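Asker:
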Amino acid sequence: MTSGDDAPVTSPEQPSVEAAAASTGHEAPMDANAPVPGEKKWFAVKVQSGREDSIRDAVERRVKIEGLDPYVGKIIVPVERTTEIVKGKKVTRTRKLYPGYIFVEVDFNDKILYLFRETPGVGDFVGAGLNKKPMPMPAADVQKLLQQREEVVAKTQVPKIKFDKGERVKIKDGMFAGMEGEISNILEAKGRVEVMLKVFGREVPVEHEFWQIEHV
409 MTSGDDAPVT SPEQPSVEAA AASTGHEAPM DANAPVPGEK KWFAVKVQSG REDSIRDAVE
469 RRVKIEGLDP YVGKIIVPVE RTTEIVKGKK VTRTRKLYPG YIFVEVDFND KILYLFRETP
529 GVGDFVGAGL NKKPMPMPAA DVQKLLQQRE EVVAKTQVPK IKFDKGERVK IKDGMFAGME
589 GEISNILEAK GRVEVMLKVF GREVPVEHEF WQIEHV
């Protein structure tokens, strides 16, 4: 029979790493097996065409969830925006410059490779293969890529006019609809044409947009 003095002494429970970090106000240390973040470089990644934006968003979400922010910089889908004049109204259209690709600035390592390969819709890094790392994009291509992305141009695209001076046409829209006349001038910069119409007994040049006229 043992006395109370001989009872085993229980040591206090050791706090976890996370609890210790929280108590000191410091972040928990990174995974010991994680590679040390290094220089980020640009790579092209093949993805399912038409899903570039949603795939980019999915990758960005996984980067945050898996704590891989130190290895990932920008992920971009370069686009060009053009403004066309359609029936007198400006219509803005967006066109992807490189359908089927996204461009990523990453410190390439196995964790990054697996993250991309395991994201639905992603094919692979351009130039990668079995046991073969992809080559970063050349500096000149990166500069061109970033310039294109920054432009995100809002330029006015003048419609091509498929009519010739001296050609006879019929007005199909507007207050002169149904009248016929001869094209007296092509105003390419404005995307319009002048048509000679008989108004109040006199022939006068009247401007029309190309979509308002048709061949006779």
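The numbering used here puts the first residue of the sequence shown at 409, with every later residue one more than the last.
By construction, the Cβ of each residue, glycine as well, lies at the ideal position given by its N, Cα and C atoms.
Just so it is clear, the structure is predicted and the values come from calculations on it, not from any experiment.
1. How is the beta strand (DSSP E) around Ala597 delimited, first residue to last?
2. May I ask you to check if the CB of Met587 is nearer than 7 Å to at least one heavy atom of the ligand NAP?
3. Could you give the first and the last residue of the continuous beta strand (DSSP E) run that contains Asp532?
4. To the nearest angstrom, how far is the alpha carbon of Glu617 from that of Thr500?
5. With C-beta atoms as the reference, is Pro507 less than 8 Å away from Ser462?
6. Tell me which residue opens and which closes the beta strand (DSSP E) that Lys497 is part of.
7. Near Arg470, what residues of its chain come up, given a Cβ to Cβ distance below 7 Å and the 5 sequence neighbours on each side ignored?
8. Say whether the stretch 509 to 519 touches the stretch 476 to 487, bearing in mind that this needs 3 or more beta-carbon pairs closer than 8 Å, one atom from each stretch.
9. Taking Cβ to Cβ, would you say Glu590 is nearer than 8 Å to Gly574?
10. As a quick exercise: from Val480, Lys449, Trp619, pick the residue whose alpha carbon is nearest that of Arg464.
11. Using the rule of at least 16 other Cβ atoms within 10 Å of the residue's Cβ for burial, across every protein chain shown, is Ala536 buried or exposed?
12. For a quick check, are the C-beta atoms of Ile621 and Ile579 less than 8 Å apart?
13. For the alpha helix (DSSP H) holding Arg525, just list the boundary residues, first then last.
14. Here's the rule: buried if 16 or more other CB atoms are within 10 angstroms of the residue's CB, otherwise exposed. What is Met545?
15. Give me the Cα-Cα distance between Thr490 and Lys472, rounded to the nearest whole angstrom.
16. Which residue comes first and which comes last in the alpha helix (DSSP H) that contains Ala466?
17. Here's a check: name, in chain order, each residue in its chain whose Cβ is nearer than 7 Å to the Cβ of Phe584, leaving out the five neighbours to either side.
18. Compute the distance between the beta-carbons of Val467 and Gly531, then report whether it is under 8 Å.
19. My guess is that Val612 and Phe571 are in contact by the Cβ rule of under 8 Å, so how many angstroms apart are they, rounded?
20. Where Arg610 and Met587 are concerned, what is the direct C-alpha to C-alpha distance, given to the nearest angstrom?
Answerer: The answer reads as follows:
1. From DSSP, Ala597 is part of no beta strand (DSSP E); its letter is neither H nor E.
2. Annotation note on the ligand NAP: not contained in the displayed structure, which lists no ligands.
3. Its beta strand (DSSP E) spans residues 530 to 533.
4. For the pair Glu617 and Thr500, the Cα-to-Cα distance works out to about 18 Å.
5. Taking 8 Å as the Cβ cut-off, Pro507 and Ser462 do not qualify as a contacting pair.
6. First-last of the beta strand (DSSP E) with Lys497: 497 to 504.
7. Around Arg470: Leu523, Thr527.
8. Segments in contact, yes.
9. Yes.
10. Among Val480, Lys449, Trp619, the Cα nearest to that of Arg464 is on Val480.
11. Residue environment: Ala536 is assigned as buried (16 or more neighbouring CB atoms within 10 Å of its CB, all protein chains considered).
12. The Cβ-Cβ distance between Ile621 and Ile579 falls below 8 Å.
13. Counted as a single uninterrupted DSSP element, the alpha helix (DSSP H) harbouring Arg525 occupies residues 518 to 525.
14. Met545 should be labelled buried.
15. Spanning the alpha carbons of Thr490 and Lys472 requires a straight line of approximately 33 Å.
16. Note, Ala466: alpha helix (DSSP H), 460 to 473.
17. For Phe584, where only same-chain residues beyond five positions count, the Cβ hits under 7 Å are Leu605, Val614.
18. Not a contact, by the Cβ cut-off of 8 Å.
19. Phe571 and Val612 do not touch by the CB rule: their CB atoms are close to 19 Å apart, not below 8 Å.
20. A straight line joining the alpha-carbon of Arg610 with that of Met587 spans about 14 Å.
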